[in-house]
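Chains as they are written, first to last, in our numbering: chain L, 338 to 781; chain W, 338 to 781. The C-beta atom is built at its ideal place from N, Cα and C for all residues, glycine as well. To keep things clear, I will list the structure first and then write my remarks on it.
Protein chains: 2
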Amino acid sequence: MTKADRIVSGGTVLLLDEKETVIRDGAVAIMGDRIAAVGKKAEIEAGYASGEIIDAKGGLIMPGLINGHTHAAMTCFRGIADDLPLMDWLNNYIFPAEAKNVNPELAYWGSLLACAEMIKSGTTTFCDMYIFEEETARAAKQAGMRCLVGEVLFDFPSPNCKSPEEGLAYTKKLIEKWAGDPLVNIVVEPHALYTCSPSLLKSAKSLARSYDVPCAVHLLENRAEEAQLREKFGKKASHFLHDIGYLDEKLIAFHCVCLDDEDIRLFRDHGCKVVHNPESNMKLASGVAPVVEMLAGGLAVGLGTDGCASNNNLDLLQEMDTAAKLHKVTRLDPTVMPAETVIRMATSAGARVLGMEKTVGCLKPGMKADIIIIALDKPHLTPMYNEYSHIVYAAGGADVSAVLINGRLVMHDRKLLTIDEDEVMKKTREIAVRIWSSLRKGKH
Amino acid sequence: MTKADRIVSGGTVLLLDEKETVIRDGAVAIMGDRIAAVGKKAEIEAGYASGEIIDAKGGLIMPGLINGHTHAAMTCFRGIADDLPLMDWLNNYIFPAEAKNVNPELAYWGSLLACAEMIKSGTTTFCDMYIFEEETARAAKQAGMRCLVGEVLFDFPSPNCKSPEEGLAYTKKLIEKWAGDPLVNIVVEPHALYTCSPSLLKSAKSLARSYDVPCAVHLLENRAEEAQLREKFGKKASHFLHDIGYLDEKLIAFHCVCLDDEDIRLFRDHGCKVVHNPESNMKLASGVAPVVEMLAGGLAVGLGTDGCASNNNLDLLQEMDTAAKLHKVTRLDPTVMPAETVIRMATSAGARVLGMEKTVGCLKPGMKADIIIIALDKPHLTPMYNEYSHIVYAAGGADVSAVLINGRLVMHDRKLLTIDEDEVMKKTREIAVRIWSSLRKGKH
Chain L
338 MTKADRIVSG
348 GTVLLLDEKE
358 TVIRDGAVAI
368 MGDRIAAVGK
378 KAEIEAGYAS
388 GEIIDAKGGL
398 IMPGLINGHT
408 HAAMTCFRGI
418 ADDLPLMDWL
428 NNYIFPAEAK
438 NVNPELAYWG
448 SLLACAEMIK
458 SGTTTFCDMY
468 IFEEETARAA
478 KQAGMRCLVG
488 EVLFDFPSPN
498 CKSPEEGLAY
508 TKKLIEKWAG
518 DPLVNIVVEP
528 HALYTCSPSL
538 LKSAKSLARS
548 YDVPCAVHLL
558 ENRAEEAQLR
568 EKFGKKASHF
578 LHDIGYLDEK
588 LIAFHCVCLD
598 DEDIRLFRDH
608 GCKVVHNPES
618 NMKLASGVAP
628 VVEMLAGGLA
638 VGLGTDGCAS
648 NNNLDLLQEM
658 DTAAKLHKVT
668 RLDPTVMPAE
678 TVIRMATSAG
688 ARVLGMEKTV
698 GCLKPGMKAD
708 IIIIALDKPH
718 LTPMYNEYSH
728 IVYAAGGADV
738 SAVLINGRLV
748 MHDRKLLTID
758 EDEVMKKTRE
768 IAVRIWSSLR
778 KGKH
Chain W
338 MTKADRIVSG
348 GTVLLLDEKE
358 TVIRDGAVAI
368 MGDRIAAVGK
378 KAEIEAGYAS
388 GEIIDAKGGL
398 IMPGLINGHT
408 HAAMTCFRGI
418 ADDLPLMDWL
428 NNYIFPAEAK
438 NVNPELAYWG
448 SLLACAEMIK
458 SGTTTFCDMY
468 IFEEETARAA
478 KQAGMRCLVG
488 EVLFDFPSPN
498 CKSPEEGLAY
508 TKKLIEKWAG
518 DPLVNIVVEP
528 HALYTCSPSL
538 LKSAKSLARS
548 YDVPCAVHLL
558 ENRAEEAQLR
568 EKFGKKASHF
578 LHDIGYLDEK
588 LIAFHCVCLD
598 DEDIRLFRDH
608 GCKVVHNPES
618 NMKLASGVAP
628 VVEMLAGGLA
638 VGLGTDGCAS
648 NNNLDLLQEM
658 DTAAKLHKVT
668 RLDPTVMPAE
678 TVIRMATSAG
688 ARVLGMEKTV
698 GCLKPGMKAD
708 IIIIALDKPH
718 LTPMYNEYSH
728 IVYAAGGADV
738 SAVLINGRLV
748 MHDRKLLTID
758 EDEVMKKTRE
768 IAVRIWSSLR
778 KGKH
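Right, here's the structure in full:
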């Protein structure tokens, strides 16, 4: 009998593999940071001896969720301003609040709060763009979360970097420091085409290429940006990106609300990746990304929550529900974006988008053990005819009962094992008092 | 010192009164089934002695939510079929499943399961349309929930009533039986204009008038219905309703996706009420109701989840989030449907829609004590700048910690006090096995 470190046992296992395998009364054996075997509970328990059994009886066992785009530390600005015209929201609330308050302390505690929230709603990997990302990496490491993080780069100074050069140098240091880390991965992240000069964009891509890491950018989030970029470049944004050598398999583009059919073909031909953020796009009134067309065109599309100032939570289960429904009503077709498709976006396809498809996103032997359990023994999840349907249309983040990342149990019975929840809430509440006071001062 | 039966004490109280009063460190004193006083904790505790203190420290205290349209017993069909073309979904799943399985047992246990789910997500009042509504009334009474329930009426036989006459007689019995009940109210409910003859519609309205109860109907849920009705009547549905004397303050119309500006004026002039069901409209790809125009036009609009076959849960907090975001993206305007507006739809405006504005929907002395507490001490609700924003954009049903209806505590620390949760889940799971087997048999 082989020795496993732990066995997640007794629930229905959704593998999210190519065959959409579902194993009822199943189990997953874990050795170290990896999945050793997936199968029927009886078989796994006959083949593996384990010191630790994690009981998933009556629950769903599935791959951890992948949040393809967020700004973790912005939990500190959750709900600070809503329902405002975009420019009022940005110029009178978000930008001044950030300029006056973002420092390493906010970045660390805000990111740790985001990790707490993400783990508690089933997310095991997140892709982040913000300021002082060394702190976000530290927080993720503390939380035991997998991540792909990058310092935001733009032409103007940030609270962390006085110039684009400093931003690039900071990013390079991040890449070198975290190289080979089992959880923390680095991405080069120019903010957007309207905030970065072509020269900065090219330097960023060149940095990413030299270390073979992904390069990610906000792209075509709304019509105003589309018009602005066409005016700025005298051509379509996708043509500009093509001309400066951006289109490749390592490009991750966030939002892409205004991608047209030709852009989708161009992205497909070059293997570019997209992250869809439906709730943020709805709340900021950005528009509806053509995700149905992207998927039909063969693009890899992941799912993200965006930051807490524009959502205002990091619950990917809720985001899946919204994604499935939004495209149905937009196209007046109830068959588009079925449950399986949106679950893929938050698991296996999401992993492909981040270049992690050989690591996470499905439950197969050899993959890293990033696993969540969803408890089904609740009125709103009763009865159950179809697991996929329940995950997307009935469950919410609060239904996640246990989370393993890289083979390690980070939440059990909804209790976080790597984060002091009370401490992180206390710290971020103190930071919020300072933020609110800084905004009020600015108004006098 | 006056004696109160109980005091909900120590949280931030949102009154949802005309002045949008918010009382920090507040309390609500309850005598019998009514609110005796709302104020600062110190004042209330100085003025009222109470045997029972319900501690809401660090939480939000607000009026219970009002689900303006659902089919409670359809919890038994939750997730039985999704992502299908409408006619396939209806004709091959929902209708056969209902025809073969709906009986008083399913209606009772399915409704009780819905009550469990609704209480656990903060709903204290629901408006229901289904079959065997005596059982739904019984379940609501058992759960201690406030409701407005009506037997569905149409031209063809239902599992309960062989003819429209039987349906009307059954409704009349319901009205007489439940007259004067503190929780259960009855509504006359012709299903829709495409399933009811003009004669049945007129008899239904006449019955409602003779007992002075509301009359409610599905209306203009999608474009196909709009076209069908125009063809059937040779005029707009709203004109037809006007001509047969339907338009008055007691009319509650569900969905109204295809209401145009003239319809909205006509509805406003006659005081008709509307219930908006955004998630169902999205999932079934029905379209986006012109709620922004309805509100601008002065209509009273409530919020509903619709049944569990088309949502697939009864979580009004999630429904508020979706409502706020859907209209923003549809109109490409982030200022429409602000948080306060959608909270109104689920509380004070929702009460007006159901004719209960003198009873529930806001926290004022003299109103019935339907009160919920939302626990805020959680990562995804931290920090907090604005209570309204958190309710709509960050909270979910699972954040509701306690619920009082008609002065009675029906949930405390998330434990249901009126329903045996395990029993209702066991019963509905047994019913679901029979439903699934009946569908599989039908396919051979």
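Applying a beta-carbon distance threshold of less than 8 angstroms, which residues of chain L neighbour residue i?
| i | result |
| --- | --- |
| Asp-652(W) | His-717, Gly-733 |
| Glu-630(W) | Simply none; closest approach about 17 angstroms. |
| Leu-450(W) | Pro-716, Thr-719 |
| Met-411(W) | Those do not exist, as Met-411(W) stays about 11 angstroms from chain L at its closest Cβ, beyond 8 angstroms. |
Go to residue i, then tell me how far its beta strand (DSSP E) extends in each direction, as first and last residue.
| i | result |
| --- | --- |
| Leu-640(W) | 637-640 |
| Met-538(W) | Per the sequence shown, residue 538(W) should be read as Leu rather than Met. Not the beta strand (DSSP E): Leu-538(W) falls in the alpha helix (DSSP H), residues 535-548. |
| Ala-373(L) | 371-377 |
| His-613(L) | 610-613 |
| Gly-447(L) | Not the beta strand (DSSP E): Gly-447(L) falls in the alpha helix (DSSP H), residues 441-457. |
| Phe-591(L) | 588-592 |
| Leu-556(L) | 552-556 |
| Ile-523(L) | 521-523 |
| Gly-517(W) | Where Gly-517(W) is concerned, there is no enclosing beta strand (DSSP E), given that its DSSP letter is neither H nor E. |
My guess is that residue i and residue j are in contact by the Cβ rule of under 8 angstroms, so how many angstroms apart are they, rounded?
| i | j | result |
| --- | --- | --- |
| Pro-400(L) | Leu-700(L) | 6 angstroms |
| Glu-454(L) | His-717(W) | 5 angstroms |
| His-592(L) | His-555(L) | 6 angstroms |
| Thr-339(L) | Gly-369(L) | The pair is not a contact, with the Cβ atoms about 13 angstroms apart (cut-off 8 angstroms). |
| Asn-404(W) | Leu-653(W) | 6 angstroms |
| Ile-708(W) | Val-359(W) | At roughly 15 angstroms, the Cβ-Cβ gap does not stay under 8 angstroms, so Ile-708(W) and Val-359(W) are not in contact. |
| Val-489(W) | Ile-523(W) | In fact, because the Cβ distance is near 13 angstroms, the residues do not count as touching under 8 angstroms. |
| Val-638(L) | Ala-686(L) | 6 angstroms |
| Ala-731(W) | Gly-347(L) | That belief does not hold up - the Cβ atoms of Ala-731(W) and Gly-347(L) are roughly 33 angstroms apart, past 8 angstroms. |
Name, in chain order, the residues that DSSP records as bridge partners for residue i.
| i | result |
| --- | --- |
| Tyr-385(W) | Thr-339(W) |
| Asp-396(W) | A small fix is needed here, since residue 396(W) is Gly in this sequence, not Asp. Its beta-bridge partners are Ala-712(W). |
| Thr-349(L) | Leu-397(L) |
| Asp-465(L) | Thr-407(L), Val-486(L) |
| His-528(W) | Per DSSP, none; premise fails for His-528(W). |
| His-749(L) | Lys-752(L) |
| Val-365(W) | Val-345(W), Val-375(W) |
| Val-359(L) | Leu-351(L) |
| Thr-508(W) | Thr-508(W) pairs with nothing; no bridge assigned. |
| Thr-460(L) | Leu-402(L) |
Run through chain W and tell me which residues come within less than 7 angstroms of residue i, C-beta to C-beta.
| i | result |
| --- | --- |
| Ile-417(L) | Tyr-722 |
| Glu-616(L) | Lys-662 |
Residues of chain W with CB closer than 8 angstroms to the CB of residue i, please, in chain order.
| i | result |
| --- | --- |
| Trp-515(L) | By Cβ distance, chain W contributes nothing, its closest Cβ being about 25 angstroms from Trp-515(L), past 8 angstroms. |
| Trp-773(L) | Tyr-722 |
| Ala-453(L) | Pro-716 |
| Glu-758(L) | Pro-716 |
| Gly-644(L) | In chain order: nothing, as chain W lies at least about 12 angstroms away. |
| Leu-423(L) | Pro-671 |
| Tyr-730(L) | Gly-416, Asp-419, Lys-620, Asn-648, Asn-649, Asn-650 |
| Thr-659(L) | Thr-659, Lys-662 |
| Gln-655(L) | Gln-655, Asp-658, Gly-733 |
Can you pull the chain L residues whose beta carbon is under 7 angstroms from the beta carbon of residue i, in chain order?
| i | result |
| --- | --- |
| Asp-420(W) | Pro-671, Thr-672, Pro-675, Ala-676 |
In chain L, which residues lie with their C-beta within 9 angstroms of the C-beta of residue i?
| i | result |
| --- | --- |
| Lys-457(W) | Lys-715, Pro-716, His-717 |
| His-727(W) | Arg-415, Gly-416, Asn-649 |
| Val-666(W) | Pro-615, Asn-618, Met-619, Lys-620, Leu-621, Ala-622, Ser-623, Gly-624, Val-625, Leu-663, Thr-667 |
Determine the chain W residues that contact residue i at a beta-carbon separation under 9 angstroms, and present them in chain order.
| i | result |
| --- | --- |
| Arg-766(L) | Thr-719, Pro-720, Met-721 |
| Ala-769(L) | Thr-719, Pro-720, Met-721, Tyr-722 |
Could you give the residue range of the alpha helix (DSSP H) that holds residue i?
| i | result |
| --- | --- |
| Pro-494(L) | That residue, Pro-494(L), is in no alpha helix (DSSP H); it is neither H nor E in DSSP. |
| Thr-473(L) | 470-480 |
| Phe-414(L) | Segment: none, Phe-414(L) is in no alpha helix (DSSP H) and carries neither H nor E. |
| Pro-433(L) | 432-438 |
| Ile-601(W) | 598-607 |
Can you find a heavy atom of the ligand FMN that lies under 7 angstroms from the Cβ of residue i?
| i | result |
| --- | --- |
| Met-368(L) | The ligand content of the structure shown is nil, which means the ligand FMN is not present either. |
- Task: Write down every uninterrupted run of the alpha helix (DSSP H) in the region 622-670 of chain L whose length is 4 residues or greater and which is fully enclosed by it, in chain order.
- Result: 628-633, 653-668
- Message: Suppose only complete runs of 4+ residues qualify. What are the alpha helix (DSSP H) ranges in the region 675-744 of chain L, listed by chain order?
- Response: 676-682, 685-690
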